[in-house]
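There are 2 protein chains.
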Amino acid sequence: MLYIIGLGLGDEKDITVKDLEAVKKCEKVYIEAYTSLLSFGLSSDGLSKLENLYGRSITLADREMVEEKADQILSEARESEIAFLVVGDPFGATTHTDLVVRAKKMGVEVKVIHNASVMNAIGICGLQLYRYGETVSIPFFTENWRPDSFYDKIQSNRALGLHTLCLLDIRVKEPTLESLCRGRKLYEPPKFMTINTAIEQLLEVEQNRGGSAYNEETTSVGIARLGSEDQIIVAGSMGQLLTVDFGAPLHCLVIAGNTHPLEEEMLEFYALKGENPEGKYNKTSSNGAL
Amino acid sequence: MLYIIGLGLGDEKDITVKDLEAVKKCEKVYIEAYTSLLSFGLSSDGLSKLENLYGRSITLADREMVEEKADQILSEARESEIAFLVVGDPFGATTHTDLVVRAKKMGVEVKVIHNASVMNAIGICGLQLYRYGETVSIPFFTENWRPDSFYDKIQSNRALGLHTLCLLDIRVKEPTLESLCRGRKLYEPPKFMTINTAIEQLLEVEQNRGGSAYNEETTSVGIARLGSEDQIIVAGSMGQLLTVDFGAPLHCLVIAGNTHPLEEEMLEFYALKGENPEGKYNKTSSNGAL
């Protein structure tokens with residue numbers, strides 16, 4: 076049996092009581108480390124915190140392991156109970172769907188245990204979940220690679236009056252160009268897109284495409300470390316959000332569509348106080364309180 | 076402090092370890108009972124199970140209480156730590172946003188703790204979450220009231236190749252017509268829309284509107300009791316799903332847009348076996364295993 080278990084967004088205690096029971100009886104516990112590692116504080120002492128709470132030693136499964144050694148994990152799961160821990164919800168990322176499909180093909184039983192993910196926790200920003208259109212991903216632009224397919228999707232959403240959740244690029248364990256040439260594995264340092272970079276790229280694409288999908292005045296909400304104790308939520312125009320320092324990753328951005336009065340009241344609470352001379356903004360207090 | 080705590084979808088053990096700690100130290104614990112009561116088994120011994128696990132007596136807050144007595148709950152929260160438990164995630168329903176807005180206005184600190192909701196757990200059906208368009212609600216049709224605004228939304232989603240999550244009507248504690256006339260409070264029995272009724276209504280609207288948004292052949296996925304031990308997921312054409320008995324509530328329905336190969340592989344696992352003479356379908360085993 077392969078348990079694919081969502082850990083939620085905040086920290087090691089966001090595992091459910093049911094999950095914790097499942098993990099404790101598993102023979103072996105893997106944790107996927109590449110979808111949103113840092114959000115979970117696993118860079119420092121996070122892993123040992125997890126091991127202490129769960130009472131199990133945990134194997135870090137990085138991108139290569141999941142892609143190259145999935146069959147090994149699945150073979151183990153055919154013989155015994157194996158847990159595969161995932162930050163957020165198991166179906167936030169395509170990779171886990173792929174793992175389920177492989178498991179099914181090998182005749183391995185799979186049990187999925189859900190938890191919060193950015194796809195529903197984003198509701199905290201005040202824009203109603205059922206008023207979102209298609210989610211987009213904003214990739215890091217490079218000198219020669221500036222893909223902008225997200226633009227058409229945002230334009231469609233906005234034309235329908237819908238909000239758009241923008242997931243921002245994460246680059247973890249990318250091989251360096253040099254290492255690719257030399258055949259040795261060396262990795263770039265991890266890289267997480269900030270809300271500021273995302274807005275700069277969005278505005279650049281609007282300038283090139285000229286489709287009036289959005290502009291510097293468009294109401295947006297920047298969210299950093301969603302679901303964590305120190306999350307920050309700031310609402311304002313794209314131009315205003317450009318001036319905010321949201322701090323450590325992960326960041327995401329919502330571009331508002333048409334808003335209802337209740338949504339506007341919520342956005343007010345998160346609004347950037349433009350008249351504040353120190354440029355301070357509404358942030359959630361420590362403890363993640365609003 | 077008002078804690079608004081998501082309980083997840085399955086049962087009392089889907090509360091997170093962190094939530095459980097918060098609930099245990101609260102002075103008073105309310106649970107909202109009207110958004111998706113039955114999904115949580117609270118009809119029978121569910122409430123006492125919760126009370127046993129959480130070590131607290133829990134006040135059931137039905138629709139009237141939340142709407143009429145919100146100020147009382149919020150006053151309590153100004154003086155002490157109060158927990159308001161919600162099935163799913165706190166921001167699945169507009170009511171909870173309203174509660175947050177009221178709390179803010181009264182100067183009450185609010186802390187939201189997320190959990191899984193249908194909005195992300197639906198990923199288990201195999202259709203990728205970031206390929207969904209606007210979510211729609213299908214209300215029960217009556218003789219004189221057959222609102223079909225969901226049709227335009229599904230049509231827009233399908234035109235963009237996007238999937239549509241259809242949330243099906245729940246009627247709990249609706250006053251009877253007779254009781255409204257007599258001024259005494261008597262309630263209709265609770266009523267939950269089945270996938271079958273939803274599809275019948277959808278096809279009726281397509282016939283009236285004639286916009287070719289979908290038809291009996293359109294690939295869809297019916298999901299009953301999502302996230303519970305006995306969840307059922309069946310993929311097939313709308314016409315095929317009409318023949319399936321999905322059992323107890325809650326039900327929801329996904330109308331597929333354009334599908335990718337990985338999505339199709341997942342749908343295969345849930346496909347209705349049309350050639351099966353007994354009309355059996357793929358269902359998840361007990362334990363919620365796939």
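Top to bottom, those sequences are chains A and B. So for the first sequence, the numbering used here puts the first residue at 76; every next one is plus one. So for the second sequence, the numbering used here puts the first residue at 76; every next one is plus one. For every residue, glycine included, the Cβ atom is placed at its ideal position computed from N, Cα and C.
Query	Result
Inter-stretch contact (C-beta, 8 Å, three-pair minimum) for the stretch 204–211 of chain A and the stretch 220–234 of chain A	yes
DSSP three-state assignment for L242(B), whether helix, strand or coil	strand
Neighbour flag for N333(B) against chain A, beta carbons, 7 Å	no
Beta-ladder partner(s) of Y78(A), from DSSP	A158(A) and K186(A)
CB contact below 7 Å: M194(B) versus chain A	yes
Under 8 Å by beta carbon: chain A residues contacting K93(B)	G85, D86, K88 and D89
Candidates V296(B), A178(B) and F216(B), of which the one nearest M341(B) by Cα	V296(B)
Proximity test, Cβ basis, 7 Å: S231(B) and chain A	yes
Contacts of I199(B) in chain A (Cβ-Cβ under 7 Å)	F166 and V187
is_contact[L243(B), chain A] using C-beta, thresh 7 Å	no
Residue-level contact to chain C via CB, F344(A), 7 Å cutoff	Judged by its chain identifiers, the structure shown contains no chain C, and its protein chains are A and B.
Close-in-space but distant-in-sequence residues of the same chain around S155(A) (CB under 6 Å, 5 per side omitted)	E102
Proximal residues to A28(A) (C-beta, below 8 Å), its chain only, five neighbours per side dropped	Chain A is shown only over 76 to 365; residue 28(A) falls outside these bounds and no answer can be derived.
Close-in-space but distant-in-sequence residues of the same chain around M76(B) (CB under 6 Å, 5 per side omitted)	E156 and E184
CA-to-CA distance, D137(A) to T91(B), given in whole angstroms	25 Å
Contact list for D173(B) against chain A, beta-carbon separation under 8 Å	L337
Three-state class that DSSP yields for Y289(A) in the structure shown	coil
Under the three-state DSSP convention, the category S295(B) falls into	strand
Beta-bridge pairing of G83(B) - partner residues as DSSP gives them	G163(B)
Proximity below 7 Å, CB of I270(A) to CB of H326(A)	yes
Sufficient close CB pairs (3 or more, under 8 Å) joining the stretch 308–316 of chain B to the stretch 279–291 of chain B	yes
Y205(A) at chain B interface by Cβ criterion, 7 Å	yes
Residue-level contact to chain B via CB, T293(A), 7 Å cutoff	no
Contact check, G130(B) vs E338(B), beta carbons under 7 Å	no
Cβ-based burial, E143(A) [other Cβ within 10 Å; buried from 16]	exposed
Three-state secondary structure assigned by DSSP to S114(B)	Note that S114(B) has pLDDT 49, beneath the 50 cutoff, so the model's placement of it is unreliable and the number below is only indicative. Correct three-state label for S114(B): helix.
Outcome for N333(A) when other beta-carbon atoms lying within 10 angstroms are tallied against a minimum of 16	exposed
Status (buried if at least 16 other CB within 10 Å, exposed otherwise) for G198(A)	buried
Of the residues I79(A), P324(A) and N219(A), the one placed nearest A158(A), counting alpha carbons only	I79(A)
Cβ-Cβ distance between A178(A) and L149(A) below 7 Å	yes
For L135(B), the residue or residues it bridges with in DSSP	I106(B)
Cβ-based neighbour list, A323(A), same chain, cut-off 6 Å, excluding 5 preceding and 5 following	none
Given L128(B) as reference, the closest of H335(B), L277(B), V176(B) and D86(B) once Cα atoms are compared	D86(B)
Cβ of P209(A) within 7 Å of any chain B Cβ	Looking at the sequence shown, residue 209(A) is not Pro but Glu. E209(A) counts as touching chain B.
Helix, strand or coil at C327(B) according to DSSP, with G and I counted as helix	strand
Residue burial classification, Y345(A) (beta-carbon count within 10 angstroms, cutoff 16)	buried
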